[in-house]
Amino acid sequence: MEGESTNSSEKTKPMGRNRTAKRKITLRELKADMALICEEQKSLREGQREVQQKFQKIESRISLLRQEGNPALFFKYQ
Numbered sequence: 464m465e466g467e468s469t470n471s472s473e474k475t476k477p478m479g480r481n482r483t484a485k486r487k488i489t490l491r492e493l494k495a496d497m498a499l500i501c502e503e504q505k506s507l508r509e510g511q512r513e514v515q516q517k518f519q520k521i522e523s524r525i526s527l528l529r530q531e532g533n534p535a536l537f538f539k540y541q
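Start counting the sequence shown at 464; every next residue gets the next number (this note's numbering).
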């Protein structure tokens with residue numbers, strides 16, 4: 464019995480090291496995924512800025528046409 468407990472404790476040590484190695488790999492993978500997500504967020508923000516600029520241009524065109532007195536543009540825009 465005593466010999467078996469020694470064997471089981473010896474088996475536990477490599478498993479512990481293996482778990483640590485797996486955790487490190489998992490953390491590396493998570494960090495890589497986080498970096499990809501960060502890049503995607505940056506591109507989304509850039510796209511949102513572009514859309515916002517396009518809307519502002521459209522709004523300014525509408526206001527200019529209203530000032531010119533185009534009767535087709537006297538609707539409520541919100």
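Yeah, the Cβ is synthetic: ideal placement off N, Cα and C, and Gly gets one too.
Taking only the alpha-carbon atoms, compute the straight-line gap between residue i and residue j and give it to the nearest angstrom.
i: K485; j: Q511; result: 39 Å
i: G532; j: D496; result: 54 Å
i: Q515; j: Q504; result: 16 Å
i: Q530; j: S523; result: 11 Å
i: T483; j: R508; result: 37 Å
i: I488; j: R480; result: 12 Å
i: I521; j: E502; result: 29 Å
i: R491; j: Q519; result: 42 Å
i: S506; j: A498; result: 13 Å
i: K494; j: K517; result: 35 Å
Take residue i and list the residues in its own chain whose beta-carbon comes closer than 6 Å to its own, dropping the five residues that flank it on each side.
i: E465; result: Interpretation of E465 is limited by its pLDDT of 48, a score under 50 that renders its predicted location unreliable; the figure taken from the coordinates is listed afterwards. So no residue of the chain qualifies.
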